[in-house]
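Trainee: Sharing a structure with you now.
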Amino acid sequence: SSITKPDTMKNEKNTESAPNVPAESMDPPVLDNRPPIVVDALVNDKPIYYFGVGSNLSREKLENRAICGKKIKPLSMEAAVVEGHRLAFNMRAFPPLEPSMGSLEPAEGGDLTAAYPGNECHGALILLSAGDYDRVMRSEGVGATFYGSDPERGYEEIVVKAQPYGGGAPVNAVSLRLKIKSRMPRDLCPSLRYMDLIRSGAKELGLAEPYQKWLDEHHVQRSPKIIQKLAVYNICATSVHSVGRKNSLIKFYSLARQKMLLAVFVSSTNSSTTVQLLSNFAMGIIFFPGSMIGYFLMATRKWTGFTLPPMLEKMLEKYK
């Protein structure tokens with residue numbers, strides 16, 4: 131495969147709204163415990179290579195990862211391969227709508243039954259300015275403090291050797307791996323929405339045909355429409371709950387719901403039909419109270435003025 135021309139890669143259907151990030155997110159980046167190559171780039175305002183493996187394969191998606199109203203402007207973007215690593219779906223997200231997200235993991239160990247043969251990962255080698263790199267990392271929860279999360283969870287930066295498709299010497303690039311507390315022992319099926327972003331990004335970038343075939347044949351989560359609808363309305367209710375996270379009762383409810391969901395959810399490929407039915411039934415019961423609140427909020431919002439973030443609006447439109 132040849133290098134994809136960086137200025138011609140467009141895919142408007144993959145556009146997602148930039149995340150809603152607090153203004154304090156633009157405080158100086160956290161530099162502790164980050165790779166020297168990252169510290170050097172941020173401190174000295176140097177361009178830096180980033181190796182994207184998930185939805186950031188799409189230039190359109192990457193450009194819209196910007197925060198605080200700014201847009202990411204890659205200096206270059208081309209297809210590359212990293213040996214000794216694999217694309218894993220071992221970050222649990224919000225089942226059943228988004229069961230898992232991607233991570234670059236070492237090829238040895240882990241759930242190799244879901245791995246691409248050959249102990250390699252194909253992706254996008256992206257040259258970013260220091261400022262844009264910082265914005266992309268913040269959108270992934272790296273290098274900022276505004277999430278207030280467990281420092282041992284989420285993504286961490288790793289340095290890999292990326293070999294451009296077009297030849298030449300490999301370059302040091304930074305990619306994202308899950309921290310140990312966030313890694314699941316086995317990959318879960320990603321959603322069709324998330325997988326379609328990766329598939330279209332791989333096609334747009336011109337990744338190797340065998341790798342694209344592996345992506346096309348990769349299993350995705352299949353859930354009944356009613357469960358998807360209940361889940362979306364539940365998220366709508368949660369968007370209100372987030373305003374009162376300091377309220378101990380609301381916090382207890384949110385944590386309890388999440389723990390129950392994680393306990394009953396099963397991946398499409400890891401269970402029998404009977405287990406799937408039981409899992410969906412249990413999730414329906416868990417979602418029902420919050421879903422009724424969410425449905426009421428949506429049904430009355432033309433009088434109440436209640437609004438949702440753009441991405442939630444898209445999800446609601448898709449599943450309602």
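Under this note's numbering, the residues of the sequence shown are numbered 131 to 450, in order. We put the CB at the ideal spot given by N, CA and C, even for glycine. As the structure is a prediction and not an experimental result, all values here were calculated from the model.
Output yes or no for whether 8 angstroms exceeds the beta carbon distance between TYR285 and VAL272.
Mentor: Cβ atoms of TYR285 and VAL272: closer than 8 angstroms.
Trainee: LYS381: which of THR368, VAL266, PHE395 and PRO165 sits nearest, CA to CA?
Mentor: Ranking THR368, VAL266, PHE395 and PRO165 by Cα distance to LYS381 puts THR368 first.
Trainee: When DSSP labels each residue in this structure, what does ALA338 get in the three-state scheme?
Mentor: Residue state, collapsed to three classes: coil.
Trainee: What does the alpha-carbon distance come out to for the pair GLN351 and GLY298?
Mentor: Rounded to the nearest angstrom, the two C-alpha atoms are 39 angstroms apart.
Trainee: What does the alpha-carbon distance come out to for the pair ILE416 and ARG222?
Mentor: The straight-line gap from Cα to Cα measures roughly 18 angstroms.
Trainee: Count the C-beta pairs between the segment 167-185 and the segment 228-237 that are closer than 8 angstroms, then say yes if the count reaches three, no if not.
Mentor: They touch, by the three-pair rule.
Trainee: Roughly how many angstroms lie between the CA atoms of LEU192 and GLU443, to the nearest whole one?
Mentor: Straight-line Cα distance between these residues: approximately 20 angstroms.
Trainee: How big is the Cα-Cα spacing for ILE357 and TYR383?
Mentor: Straight-line Cα distance between these residues: approximately 20 angstroms.
Trainee: For LEU446, which option in LYS343, VAL168, PRO247 and LEU227 has the closest C-alpha, if you only look at C-alpha atoms?
Mentor: For the residues LYS343, VAL168, PRO247 and LEU227, the minimum Cα distance to LEU446 belongs to LEU227.
Trainee: Near ARG283, which residues of its chain fall below 8 angstroms by C-beta distance, leaving aside the five closest residues on each side in sequence?
Mentor: Same-chain partners within the cutoff: LYS309, LYS311 and SER312.
Trainee: Here's the rule I'm using: 16 or more other beta-carbon atoms within 10 Å means buried, otherwise exposed. How should THR437 be labelled?
Mentor: So THR437 ends up on the exposed side.
Trainee: By DSSP's criteria, CYS251 is part of a beta bridge. Which residues make up the other side?
Mentor: Paired residue(s): VAL212.
Trainee: For the segment 278-354, which segments carrying the beta strand (DSSP E) assignment without a break, of at least 3 residues, lie completely within its bounds, in sequence order?
Mentor: Counting whole runs of 3 or more residues, the segment 278-354 contains the beta strand (DSSP E) stretches 285-294 and 301-308.
Trainee: Whose C-beta lies closer than 8 angstroms to the C-beta of PRO204 among residues of the same chain, with five residues either side of it excluded?
Mentor: Around PRO204: PRO136, ARG189, LEU192, GLU193, ILE256, LEU257, LEU258 and ASP262.
Trainee: Ordered along the chain, which non-local residues of its own chain (more than five positions away) have a Cβ less than 8 angstroms from that of ALA332?
Mentor: Once the five neighbours on either side are set aside, the close Cβ partners of ALA332 are LEU187, HIS252, TYR341, GLN342 and LEU345.
Trainee: Just the Cα atoms here: how many angstroms apart are GLY420 and ARG268?
Mentor: One C-alpha to the other measures close to 30 angstroms.
Trainee: Do the CB positions of ILE202 and ARG265 come within less than 8 angstroms of each other?
Mentor: For ILE202 and ARG265, yes; Cβs fall inside 8 angstroms.
Trainee: Check whether the Cβ atoms of SER230 and ASN220 lie closer than 8 angstroms to each other.
Mentor: Yes. Within cutoff.
Trainee: Measuring only the C-alpha atoms, how far is ARG164 from PHE411?
Mentor: If I take the Cα positions, the gap works out to 44 angstroms.
Trainee: Roughly how many whole angstroms lie between the Cα atoms of HIS349 and VAL394?
Mentor: Approximately 20 angstroms between the Cα atoms of the pair.
Trainee: Taking buried to mean at least 16 other C-beta atoms within 10 Å of its own C-beta, is ARG431 buried or exposed?
Mentor: By the 10 Å Cβ count, ARG431 comes out exposed.
Trainee: Between SER397 and LEU318, which are expected to be in contact by the criterion C-beta below 8 angstroms, what is the C-beta distance as a whole number of angstroms?
Mentor: Right, their Cβ atoms sit about 4 angstroms apart.
Trainee: DSSP three-state call for TYR246: helix, strand or coil?
Mentor: If DSSP states are grouped into helix, strand and coil, TYR246 belongs with coil.
Trainee: Can you check DSSP and say which residues form a bridge with ALA236?
Mentor: Residue 236 is actually Pro in this sequence, not Ala. Beta-bridge pairing links PRO236 to HIS215.
Trainee: Is TYR449 close to chain C? Criterion is C-beta to C-beta, closer than 8 angstroms.
Mentor: Of the protein chains in this structure there is only one, and it is not chain C.
Trainee: Please list the terminal residues of the continuous alpha helix (DSSP H) segment that includes PHE411.
Mentor: It spans 403-429 - the alpha helix (DSSP H) in which PHE411 sits, taken as one unbroken run.
Trainee: Just the Cα atoms here: how many angstroms apart are PRO294 and ALA361?
Mentor: Rounded to the nearest angstrom, the two C-alpha atoms are 41 angstroms apart.
Trainee: State the DSSP-derived secondary structure class of VAL151, mapped to helix, strand or coil.
Mentor: Below a pLDDT of 50, predicted positions are generally treated as unreliable, and VAL151, at 45, falls in that range; no measurement from the model is reported.
Trainee: Thinking just about the alpha-carbon of each residue, which of GLY214, PRO354 and GLU213 is nearest to the one in THR403?
Mentor: Minimum Cα distance to THR403 is reached at PRO354.
Trainee: With respect to the alpha helix (DSSP H) encompassing GLY261, which residues constitute its N-terminal and C-terminal limits?
Mentor: Unbroken alpha helix (DSSP H) run through GLY261: 260-269.
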